[in-house]
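Numbering (the working numbering), first residue to last: 892 to 1014.
Report on the structure given below.
In structure tokens:
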């Protein structure tokens, strides 16, 4: 799960965990997020406005994920690192450039489709 995915409930009115359950069935899924994503959410949450609110909500939602350490300190690079290592079957993101980087590495991406639904994109 990347920063944009965890901020989707506020920014895009997406019930991200309900949507993931619809697509994957959360009983059998280990949701992870890199520590770099947590750091980015913490940094964004200190501001003001809708982005700070979305980041604060995202930080709370991240409690439902297992936090993993990576070599990369930049959130997008950390997710690409996990994809390259084969440590994830999907990356959940609403970030176009990150989506493209992950797809190039052969990993499926779950992202926004339409107004408030998630969809799986195959590499």
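We put the CB at the ideal spot given by N, CA and C, even for glycine.
Bear in mind that the values here come from a model prediction, so they are computed numbers and not experimental data.
- Assignment of beta strand (DSSP E) within the segment 961-999, counting only whole runs of 3 or more residues, yields 981-983 in chain order.
- Judged by their CB atoms, residue 902 and residue 1009 are not nearer to each other than the 7 Å cut-off.
- Look at the beta carbons and you see the segment 929-948 not touching the segment 974-983: under three pairs across the two are nearer than 8 Å.
- For residue 925, the three-state secondary structure derived from DSSP is strand.
- According to the DSSP assignment, residue 957 belongs to the beta strand (DSSP E) that extends over 957-959.
- Judged by DSSP in its simplified three-state form, residue 937 adopts coil rather than helix or strand.
- When DSSP states are grouped into helix, strand and coil, residue 913 belongs to the helix group.
- Partner residues in the beta bridge of residue 1010, as assigned by DSSP, are 1002.
- For residue 929, the CB contacts under 8 Å within the same chain, skipping 5 residues up- and downstream, are 950, 953, 958 in chain order.
- Taking the Cα positions, residue 990 is about 12 Å away from residue 896.
- Here the alpha carbons of residue 1004 and residue 984 stand approximately 11 Å from one another.
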